[in-house]
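To start, the structure under review is shown below, and the notes come after it.
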Amino acid sequence: MRSTKTYHVRAQLQADYEVVCTDNILDPASDELVGRGRQPGTHAQRRFIVLDQAVDAIYGNSIRAYFEHHRVECRYLVLPGGEQRKVMDSVVAVAAALDSFGIDRRREPVISIGGGVLLDLVGVATTLYRRGIPHLRVPTTLIGLVDAAIGVKTGVNHGCHKNRLGTFQSPTAVLLDRRFLASLDERHLRNGAAEMIKLAIVRDERLFELLEEDGDRLVEERFQGRSPAGERVASEVLHRSVRGMLAELEPNLWERELDRLVDFGHSVGPAIEMLAGGDLLHGESVAIDMAVFTTVAAHRGLLDDKAARRIIELLHRFALPTDHALLDEEVAGRALADTVRHRDGRQRLPVPTGIGKAVFLNDVTQDELRSALRHNRAEAIS
Ligand SMILES: NC(=O)c1ccc[n+]([C@@H]2O[C@H](COP(=O)([O-])OP(=O)(O)OC[C@H]3O[C@@H](n4cnc5c(N)ncnc54)[C@H](O)[C@@H]3O)[C@@H](O)[C@H]2O)c1
């Protein structure tokens, strides 16, 4: 006789963290960096800090002086930035260094200070290490500030796939200090702007207008507010971007729902980014993808020509690409098929229906992709 007994286990995954827009976190008078993640009743004694190499070269002395001032014993691990380093080997290197430091599993949050690549890979390492240790994130690039640092996704690339290995992580806290952008080169600023433009297109018309009106000034002043008008607009676009991103993410943090507006730009983009190797930055591949599905929407009559033109022009104003030589219909078709596997059997393609508005499509055909690609290539050449 067969006997079956079923035990049902049900639990909720909690996330509880703050994203703090702060100023000058390396000022010794601030205790944000050293105080976050400190257990009540304990003093910060030791910290393991992972630094992006470029950040170390520019801010390393101030970072070390900050922690010395607060009498914190630190171990620094410096890793190069760049997509090529976003691999499992880097995660393993972090784990080995954590072992050698002998990190306390609960009381010594790892602090990572760097771009999206560093935050993503340290995120993987700190969720895998002893099945999860606290991680305080400090982004230093625009993509990091408005996107990579503030949600719960971590990841590294694997094989020829973007973010194929990854985890969800509720960070200890996220500290946003736009002063780091002062040293970021123009291409990476424009690259980060692509994620802001994405949010503007799918949900925030005012953000779109601000980027149209003041994009040049923002890049020129590196979001540092070197003039009163520049300060006003830098502060507003950053706050709108962070607020908008969190408003999209928070109700669906663990991605139970796969119709996600924030996936605009991420349907064929990741595949073309990987295919192009170091030739395309993440935001640049997002821009190309946004251009493809903007044209698909326009060709379907979902988006009027004027709005479609404004979107493409804004991408061009930020010197972002809208086409790439390697993106042909076969590549796009394969990328879309992989996206469908990622999105539980449906395309779930966010496409704009106006500035600040979008819908999801599930029936985009290969013919439509081909025609959008041809159109964008012709426009890019002319
Ligand atoms: N987890 C997420 O939700 C999420 C969201 C968006 C993007 N991402 C990921 O983020 C990555 C892209 O991030 P990124 O553009 O920051 O790349 P990155 O981390 O490689 O940084 C870009 C370059 O800038 C340098 N750098 C960093 N900070 C600097 C500073 N303040 N001054 C001067 N140079 C500096 C780095 O060394 C690197 O060379 C991609 O891998 C993407 O997939 C993740």
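For the sequence shown, position 284 matches number 283 in numbering that gives the first Met the number 0, and the numbering has no gaps at all. We put the beta carbon where it would ideally sit given N, CA and C, even for glycine.
Nearest to I112 by alpha-carbon distance, out of E82, D51, Q168, is D51.
The beta-carbon distance between F263 and I354, rounded to whole angstroms, is 13 Å. This is too long to meet the 8 Å contact definition. Rounded to the nearest whole angstrom, the C-alpha separation of V350 and V54 is 36 Å. Taking the Cα positions, D103 is about 24 Å away from G154. At the C-beta level, V121 and G81 stay beyond 9 Å of one another. Distance from the CA of L144 to the CA of I24, rounded to the nearest whole angstrom, comes to 14 Å. Going by beta carbons, L325 and A286 fall outside the 9 Å limit. Under DSSP, the beta-bridge partners assigned to S111 are V49, R136.
For F359, the enclosing beta strand (DSSP E) has its first and last residue at 356-360. Distance from the CA atom of F167 to the CA atom of A192, rounded to whole angstroms, is 24 Å. In the three-state DSSP reduction, L348 falls in the strand class (E or B). Just so you know, the alpha carbons of T140 and E220 end up roughly 15 Å apart. By the C-beta criterion, the segment 330-348 is judged to be in contact with the segment 255-272, since at least 3 inter-stretch pairs fall below 8 Å. By the C-beta density criterion, S61 is exposed, having fewer than 16 other C-beta atoms within 10 angstroms.
Here V358 has L301, P349, V350, T352 as same chain residues with Cβ atoms under 8 Å from its own Cβ, once five neighbours each way along the sequence are excluded.
Going by beta carbons, G214 and L280 fall outside the 9 Å limit. Separation of L164 and P227 (C-alpha to C-alpha, rounded to the nearest whole angstrom) is 44 Å. For N162, the Cβ falls inside the 8 Å cut-off from some heavy atom of ligand 1.
Counted as a single uninterrupted DSSP element, the stretch harbouring L260 is not any alpha helix (DSSP H), since DSSP gives it neither H nor E. Shown here, H187 sits in a helix according to DSSP, grouped into three states. The residue from F222, Q365, D322, R345 with its alpha-carbon nearest to that of A377 is D322. R186 counts as exposed, since fewer than 16 other beta carbons sit within 10 angstroms of its beta carbon. Of the residues G40, G158, R46, the one whose Cα lies closest to the Cα of D88 is G158. Residue state for A64 is assigned as helix, using DSSP reduced to three classes. Contact check for E249 against V261 fails: the beta carbons are separated by 9 Å or more. Rounded to the nearest angstrom, the gap between the Cα atoms of S29 and H238 is 21 Å.
By the Cβ rule, the segment 69-79 counts as touching the segment 90-101, because three or more pairs are nearer than 8 Å. Taking the CA atoms as reference points, E194 sits about 7 Å from D146. Here A172 is bridged, per DSSP, to E17, L135. In this structure, A124 sits near V90, with a CB-CB distance shorter than 9 Å.
Contact annotation: G229 and L217 have beta-carbon atoms nearer than 9 Å.
Rounded to the nearest whole angstrom, the CA to CA distance from H7 to R255 is 20 Å.
Around D327, the same chain offers L372 as residues with beta carbons nearer than 8 Å, after the five sequence neighbours per side are excluded.
Set against 8 Å, the gap from the CB of N190 to the closest heavy atom of ligand 1 is smaller. Separation of D119 and T3 (C-alpha to C-alpha, rounded to the nearest whole angstrom) is 43 Å.
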